[in-house]
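Heads up, the thing below is written out as structure tokens.
Number of protein chains: 2
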Amino acid sequence: MRILGIDPGSQIMGWAVIESVDNSYRHVYSGVINSKTIPDVPQRLWFIYKEVTAIIDTYKPESAAIETVFFSKNQKSSFVLVQTATSAMLAALNKGLSVHEYQPMVIKKALAGYGRAEKDQVQFMVKRLLNIKESLLLDRSDAMAVAICHINSAQFKNRLLQDAASY
Amino acid sequence: MRILGIDPGSQIMGWAVIESVDNSYRHVYSGVINSKTIPDVPQRLWFIYKEVTAIIDTYKPESAAIETVFFSKNQKSSFVLVQTATSAMLAALNKGLSVHEYQPMVIKKALAGYGRAEKDQVQFMVKRLLNIKESLLLDRSDAMAVAICHINSAQFKNRLLQDAASY
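Sequence order for the protein chains is A and B. Anchor point for the first sequence: position 91 equals 91 in this note's numbering, and the numbering is continuous, going up by one each time. Just so we're on the same page, this note's numbering is the position in the second sequence counted from 1, plus 1000.
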């Protein structure tokens, strides 16, 4: 199973392609999409759409997992956040991927066992699971986290289905 | 010049294809995209994206004009509004159209001569300009209004360029 994880941001969007091999995870590639220098809204959304499309063409994930976005106090950046997350989702849908949303608390619980875990606790677990030694931007490790969260959740669902079938 | 006008809405999105012929306007086709019965967010956005794509494939406009969306007091519907407007914009960009945003006050001023005009004043002018007799949903007439606003603005820009070139 090869998953594209996306951590939406109004300026910087993290992304990571993660594979599950047997019962472990492999980091295929990851990066950030930085759109903050593009002031025109349609051009900015189009840039993100094209970048996500290129990532999918290159790494061929079968599904995408994205962190659910919420409104913050800053209306302007909330607005851009919803727009950029929507652009990433549509690029994935347009390439035929299934798209799954996960709330921040669900991702934290899946990684650190606790829905209110700190960001660095989540990053610590992500790096351990993927055997990454170097320092990582939180945008990248958060994208890895949502991909791992989806793999866990999908494997859990499959196991339930297999258990049900064995009766 | 053939323009796709879009009036974004969280549940109902109006659209209209308008042509400018010499100094008049022609209503080519218009309708609404109703996505309120699709609860799953990615599927809803994908539905709008595919509908807008189909409209462009059928009526072949060269540009799209869309009313700028703003946050209202209702956070949930504001959220969906930004998502649906983004989906329509990306569908147009993906088909190679240029996409232009117009603020509600600019559209009202272009149609009714006054930025705080009422919705029915705008609809009255739209119907007169397009010679439409039958009753229209506001979602449809608002989509026609943004398309006409763009045609006016584009013709104005062209005239300025021609004037400048004649010196």
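Beta carbons are placed, not taken as given, at the ideal position from N, Cα and C, and that holds for glycine.
- Secondary structure at Tyr1059 of chain B: helix, using DSSP grouped into helix, strand and coil.
- Just measuring C-alpha positions, the residue of A:Gly96, A:His100, A:Lys127, A:Leu97 sitting nearest Leu111 of chain A is A:Lys127.
- Shown here for Ser87 of chain A: same chain residues with a beta carbon closer than 6 Å to its own, the five before and five after excluded, namely Leu45, Ile48, Tyr49 in chain order.
- Scanning B:Glu1019, B:Met1089, B:Asp1057 for the CA closest to the CA of Asp40 of chain A turns up B:Met1089.
- For a Cβ distance threshold of 8 Å, nothing in chain B lies close to Pro39 of chain A: the least Cβ distance comes to about 12 Å.
- The Cβ of Pro42 of chain A sits closer than 8 Å to at least one Cβ of chain B.
- Taking a beta-carbon distance threshold of 8 Å, Thr58 of chain A does not count as an interface residue toward chain B.
- For Leu1130 of chain B and Gln43 of chain A, the gap between their C-alpha atoms comes out near 31 Å.
- By the CB criterion at 8 Å, Glu62 of chain A and Pro8 of chain A fall outside the cutoff.
- Taking the C-beta atoms as reference points, Gly1014 of chain B is found nearer than 8 Å to Asp1139 of chain B.
- Taking 8 Å as the CB threshold, Glu1101 of chain B lines the interface with chain A.
- Asp1057 of chain B is classed as exposed because its beta carbon has fewer than 16 other beta carbons within 10 Å across all chains shown.
- Contact of Met1 of chain A with chain B by beta-carbon distance below 9 Å is absent, the smallest such distance being about 19 Å.
- Along the stretch 43-77 of chain A, the positions whose C-beta sits under 8 Å from a C-beta of chain B are Leu45, Trp46, Tyr49, Phe71, Gln75, read in chain order.
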